[in-house]
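Peer 1: In our numbering, the protein residues as written are 44 to 482. We put the CB at the ideal spot given by N, CA and C, even for glycine. Since this is a predicted model, take the numbers as computed values, not measurements.
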């Protein structure tokens with residue numbers, strides 16, 4: 044909170060084209076303090092904050108942290124699951140900011156009984172509950188003590204004018220916001236997470252840093268929105284949340300050679316690790332930093348973190364007996380650097396040969412007329428599994444026409460067992476609201 048007062052005249056948030064200074068944010072925190080007091084929201088209360096990035100939502104988030112509440116951020120992207128998520132998190136108070144300004148506060152009558160929540164309440168520590176995307180199954184409720192998550196922001200670091208592309212209820216989105224505020228930076232919010240609106244905001248507000256996902260970078264390239272807007276202010280693009288196809292990385296680097304590309308690595312369960320890419324066009328990355336340890340066991344990455352979650356509300360603990368978190372990510376190792384291959388759960392086994400979806404997607408996405416691709420394994424009585432691809436095209440080809448072109452293209456670029464044996468053409472998006480590929 045001292046940062047807010049010490050930087051009162053600096054811009055903190057740009058929302059709907061208007062700049063809000065740190066002084067405004069400081070006053071907003073005080074206003075929300077009064078509202079929370081009036082509505083009987085006590086320290087240790089479990090509160091769902093249902094909003095997207097806006098000055099008011101940020102002020103409320105900070106007020107809840109200061110009050111040592113347990114915060115459950117929920118965005119419109121999980122609208123159909125909100126009742127389920129509130130029940131799992133044992134939410135006592137729901138605060139909704141419908142348009143970023145109009146608020147509604149209501150009590151649910153729920154009782155807090157889970158031991159992790161009771162522990163936070165007893166120790167008077169602010170908490171954070173995040174729900175995993177559920178792209179490979181049921182969403183898990185991740186419980187954090189916010190104190191160790193916030194500790195890494197006590198070291199002053201450089202800050203850039205940053206877009207809040209990653210969502211308000213995503214570990215990457217929360218990390219982006221807290222990093223920027225801790226270093227008296229300015230975040231630029233975006234109302235529509237689509238290539239043209241995002242590029243327009245970058246141009247309008249001279250955004251320097253875009254934290255995003257490989258899926259969005261691919262959409263940006265395919266849409267050619269970068270031709271319609273001036274993106275010369277961009278200095279750094281960070282990408283994470285899923286594995287980057289090499290073809291997307293190379294293409295982006297060719298188009299924007301002056302923009303530094305940095306692969307990030309983080310999980311809802313452990314937070315965001317500090318990272319260093321070997322180069323802007325390399326998929327090799329060094330991860331770790333103060334408070335993090337890494338090791339590889341049987342080709343799988345494991346992490347031990349001071350900022351690790353306390354546990355899940357609705358699943359068994361994923362930690363080893365000595366406190367290491369099994370990420371589920373397969374990696375290659377080269378000295379201090381890792382190359383993330385993909386989720387072990389998504390590995391395709393074709394007659395004993397390993398295929399990671401991203402290596403096939405990378406080749407197919409480089410084909411003319413291909414907008415997006417999602418690859419997965421399907422059962423096969425002879426080989427155990429075969430490679431199957433859902434493809435969104437920008438051409439009017441039939442499945443047969445595209446298959447013939449794909450086989451001719453892939454023969455020179457992939458071993459035969461990696462070439463998709465099943466192809467489905469789709470017209471809908473292959474990614475979810477978090478711009479993460481849905482396989």
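1. Is residue 210 closer than 9 angstroms to residue 477 when the C-beta atoms are compared?
2. Express the C-alpha separation of residue 437 and residue 467 in angstroms, rounding to a whole number.
3. With distances taken from CA atoms, which of 244, 237, 277 and 278 is nearest residue 266?
4. Short check: CB of residue 187 to CB of residue 352, under 9 angstroms?
5. Could you have a look at residue 227 and say whether DSSP puts it in helix, strand or coil?
6. How would you label residue 249, buried or exposed, when you count the other beta carbons within 10 angstroms and need 16 or more for buried?
7. Would residue 254 and residue 206 be called neighbours here (beta carbons separated by less than 9 angstroms)?
8. Out of curiosity, what's the CA-to-CA distance linking residue 68 and residue 58?
9. Count the other CB atoms within 10 Å of the CB of residue 397; is the residue buried (16 or more) or exposed (fewer)?
10. Give the straight-line distance between the Cα atoms of residue 159 and residue 135, rounded to the nearest whole angstrom.
11. Beta-carbon within less than 6 angstroms of residue 336's beta-carbon, same chain only, minus the 5 sequence neighbours each way: which residues are those?
12. Terminal residues of the continuous beta strand (DSSP E) containing residue 422?
13. Within 10 angstroms of the Cβ of residue 280, are there 16 or more other Cβ atoms? Answer buried if so, exposed if not.
14. Could you give the distance in angstroms between the alpha-carbon of residue 382 and the alpha-carbon of residue 375?
15. Quick one, which of 100, 109 and 357 has its alpha-carbon nearest residue 129's?
16. When the Cα of residue 306 is compared with those of 296, 326, 425 and 339, which residue comes out closest?
17. Since residue 278 contacts residue 203 with CB under 8 angstroms, what's their CB separation in whole angstroms?
18. May I have the straight-line CA-CA distance separating residue 92 from residue 146, to the nearest angstrom?
19. Apart from the five residues just before and just after residue 131, which ones in its own chain have a Cβ nearer than 7 angstroms to its Cβ?
20. So the beta strand (DSSP E) residue 254 belongs to, where does it begin and stop?
21. Could you give the first and the last residue of the continuous alpha helix (DSSP H) run that contains residue 293?
22. With a cut-off of 8 angstroms, do at least 3 Cβ pairs link the region 394 to 413 to the region 442 to 459?
23. Tell me the residue span of the alpha helix (DSSP H) that contains residue 49.
24. With H, G and I counted as helix, E and B as strand and the rest as coil, what does DSSP make of residue 129?
25. Starting from residue 122, trace the beta strand (DSSP E) both ways and give me its first and last residue.
26. Pick out the complete alpha helix (DSSP H) segments inside the region 66 to 111, 4 residues or longer, and give them in chain order.
27. Please classify residue 372 as buried or exposed, where buried requires at least 16 neighbouring CB atoms within 10 angstroms.
28. Looking at the secondary structure, which residues open and close the beta strand (DSSP E) in which residue 286 lies?
29. Is the distance from the Cβ of residue 435 to the Cβ of residue 470 below 9 angstroms?
30. Taking the C-alpha atoms as reference points, what is the distance between residue 300 and residue 246?
31. So, helix, strand or coil for residue 476, using DSSP?
32. In this structure, what does DSSP give as the bridge partners for residue 281?
33. Check whether the region 137 to 151 and the region 315 to 325 are in contact - that is, three or more C-beta pairs closer than 8 angstroms.
34. Between the C-alpha atoms of residue 474 and residue 481, what's the straight-line distance to the nearest angstrom?
Peer 2: Let's see:
1. A contact, by the Cβ cut-off of 9 angstroms.
2. Rounded to whole angstroms, the gap between the alpha carbons of residue 467 and residue 437 is 14 angstroms.
3. Taking only the C-alpha atoms, the option nearest residue 266 is 237.
4. Contact: yes.
5. For residue 227, the secondary structure class from DSSP, reduced to helix, strand or coil, is coil.
6. Residue 249 comes out exposed.
7. Going by C-beta atoms, residue 254 is nearer than 9 angstroms to residue 206.
8. Cα to Cα, residue 68 sits roughly 12 angstroms from residue 58.
9. Under this definition residue 397 is an exposed residue.
10. Residue 159 and residue 135: Cα-Cα distance of roughly 15 angstroms.
11. 347, listed in sequence order.
12. Counting along the chain, the beta strand (DSSP E) containing residue 422 begins and ends at 413 to 423.
13. By the neighbour-count criterion, in which a residue is buried when 16 or more other Cβ atoms sit within 10 angstroms of its Cβ, residue 280 is buried.
14. Between residue 382 and residue 375, the C-alpha separation is close to 5 angstroms.
15. For residue 129, the closest C-alpha among the options 100, 109 and 357 is that of 357.
16. Measuring from the Cα of residue 306, the nearest candidate turns out to be 326.
17. Confirmed, Cβ separation roughly 6 angstroms.
18. Cα to Cα, residue 92 sits roughly 10 angstroms from residue 146.
19. If we look at residue 131 and ignore the five residues flanking it on each side, its Cβ neighbours are 184, 356 and 357.
20. 252 to 255 is the span of the beta strand (DSSP E), which, as asked, contains residue 254.
21. Here the alpha helix (DSSP H) through residue 293 covers 289 to 298.
22. Judged by Cβ distances under 8 angstroms, the region 394 to 413 makes contact with the region 442 to 459, as three or more pairs qualify.
23. From DSSP, the alpha helix (DSSP H) with residue 49 extends over 45 to 49.
24. It is helical.
25. Judged by DSSP secondary structure, residue 122 falls outside any beta strand (DSSP E); it is assigned neither H nor E.
26. List check, alpha helix (DSSP H) in window: 98 to 109.
27. By the neighbour-count rule (16 or more Cβ atoms within 10 Å), residue 372 is buried.
28. For residue 286, no beta strand (DSSP E) encloses it, and the DSSP letter there is neither H nor E.
29. Going by C-beta atoms, residue 435 is nearer than 9 angstroms to residue 470.
30. Spanning the two alpha carbons is a distance of roughly 18 angstroms.
31. In this structure, residue 476 counts as coil in the three-state DSSP scheme.
32. Residue pairing by DSSP puts residue 281 in a beta bridge opposite 254 and 305.
33. With a cut-off of 8 angstroms, the region 315 to 325 and the region 137 to 151 do not count as touching, because too few Cβ pairs lie within range.
34. When rounded, the distance between both Cα atoms is 5 angstroms.
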